[in-house]
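Visitor: Just dropping this structure here.
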Amino acid sequence: MTIQTAFTKIISSLEPIHGQREAANIAHLLMEHVTGMSRMDRIVYKDKGLEPAQEMQLEEGLQALLAHQPIQYVTGSSWFYGMELNVNGHVLIPRPETEELVEWIVDDVRTGRQAGHKLLDIGTGSGAIPVALKKELSAAEVWAVDVSEGALETAKANAVKQGFDVHFELMNILDTKATASLPSFDIIVSNPPYICEQEQAGMQEHVVAYEPSIALFVPDNDALLFYREIGLLGKQKLHTGGALYFEINEAFGEETMQLLREQGYKDVVLKKDIFGKDRMIKAVI
Numbered sequence: 001m002t003i004q005t006a007f008t009k010i011i012s013s014l015e016p017i018h019g020q021r022e023a024a025n026i027a028h029l030l031m032e033h034v035t036g037m038s039r040m041d042r043i044v045y046k047d048k049g050l051e052p053a054q055e056m057q058l059e060e061g062l063q064a065l066l067a068h069q070p071i072q073y074v075t076g077s078s079w080f081y082g083m084e085l086n087v088n089g090h091v092l093i094p095r096p097e098t099e100e101l102v103e104w105i106v107d108d109v110r111t112g113r114q115a116g117h118k119l120l121d122i123g124t125g126s127g128a129i130p131v132a133l134k135k136e137l138s139a140a141e142v143w144a145v146d147v148s149e150g151a152l153e154t155a156k157a158n159a160v161k162q163g164f165d166v167h168f169e170l171m172n173i174l175d176t177k178a179t180a181s182l183p184s185f186d187i188i189v190s191n192p193p194y195i196c197e198q199e200q201a202g203m204q205e206h207v208v209a210y211e212p213s214i215a216l217f218v219p220d221n222d223a224l225l226f227y228r229e230i231g232l233l234g235k236q237k238l239h240t241g242g243a244l245y246f247e248i249n250e251a252f253g254e255e256t257m258q259l260l261r262e263q264g265y266k267d268v269v270l271k272k273d274i275f276g277k278d279r280m281i282k283a284v285i
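Number 1 in full-length UniProt numbering belongs to position 1 of the sequence shown; there are no gaps in the numbering.
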């Protein structure tokens, strides 16, 4: 099987599921993963035959994709803030909207609108947020916590891979005895679970089937669980003038803002993402 034949096979197999354009995008990613060759090199050497091991790897990857496994889990990597990060079934695949949350923090710190000497990311997953923050704010001390050992190992590996020093701890943020040991911070950021269980029916199959539910869902009767608890933690652990930054469920923007105001936060700001959806909140203590 040649490189061109393999590429065509992937597209024709995936087109009924994803459409021609997205199938082609996925095919490029899988082919780069299998061959180690750039898109341009694959064009130049399109008639080069695949090795038997490469054919086997391609077939295994294609079958996983046909079972709706995300391409990022098939290749084991995802791009975030200009960095190629390791991802697996222990962590969410980083989204572009979360890059906007990082950009907001970085801009506030660099322009002096927010102190940023010490930052904490709660529910770090792949470590995308703290590693990106350390990349942009090299002088800052960056901490990150997660309840999942698998996620934390992935995050640690990503920090090492990118060459940035981040302090990681295994911690359940809902355990007040555990969080009491945390020091004080200038900024606490979190992209916590915020999808109500009843919303699963309308979600894409590859998300529900493969991404970790512990990082996605909250009970229908307590949609703001993590915002409430992290808000309370912020009142204890944020320096005066410190800030919370959240990624939120677009359906609960006003409710989340009201919760934070009732907890005593001020200057509560709601921002939309690139898709025009309510997605981020900042609140100052």
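By construction, the Cβ of each residue, glycine as well, lies at the ideal position given by its N, Cα and C atoms.
None of these values were measured; they are calculated from a predicted model.
1. Between which two residues does the alpha helix (DSSP H) containing Thr176 stretch?
2. Our contact map puts Leu133 next to Val142 with C-beta atoms below 8 Å; I'd like the distance itself, whole angstroms only.
3. According to DSSP, simplified to helix, strand and coil, what is His33?
4. Who are the near neighbours of Gly76 in its chain, counting only those whose CB is closer than 7 Å to its CB and skipping five residues on each side?
5. Can you give me the Cβ contacts of Leu30 inside the same chain, cut-off strictly under 8 Å, excluding the 5 residues immediately before and after it?
6. What residue range does the alpha helix (DSSP H) around Arg39 cover?
7. The beta strand (DSSP E) that contains Glu169, what's its start and end?
8. Nearest to Glu199 by CA position, among Lys156, Tyr210, Val218 and Asp186, is which residue?
9. Taking the Cβ atom as the reference point for each residue, do Ile187 and Leu233 lie within a distance shorter than 8 Å?
10. Checking the sheet assignment: what are the DSSP bridge partners for Ala243?
11. Please report the Cβ distance between Leu174 and Glu149, rounded to the nearest whole angstrom; I am assuming they are in contact, meaning their Cβ atoms lie under 8 Å.
Guide: Reading off the structure:
1. Thr176 to Thr179
2. 6 Å
3. helix
4. Asn86, Val87 and Asn88
5. Ile10, Leu58, Gly61, Leu62, Leu65, Ile71, Val74 and Thr75
6. Arg39 to Val44
7. His167 to Leu170
8. Val218
9. no
10. Ile187 and Val284
11. No, Leu174 and Glu149 are not in contact; Cβ-Cβ is about 17 Å, not under 8 Å.
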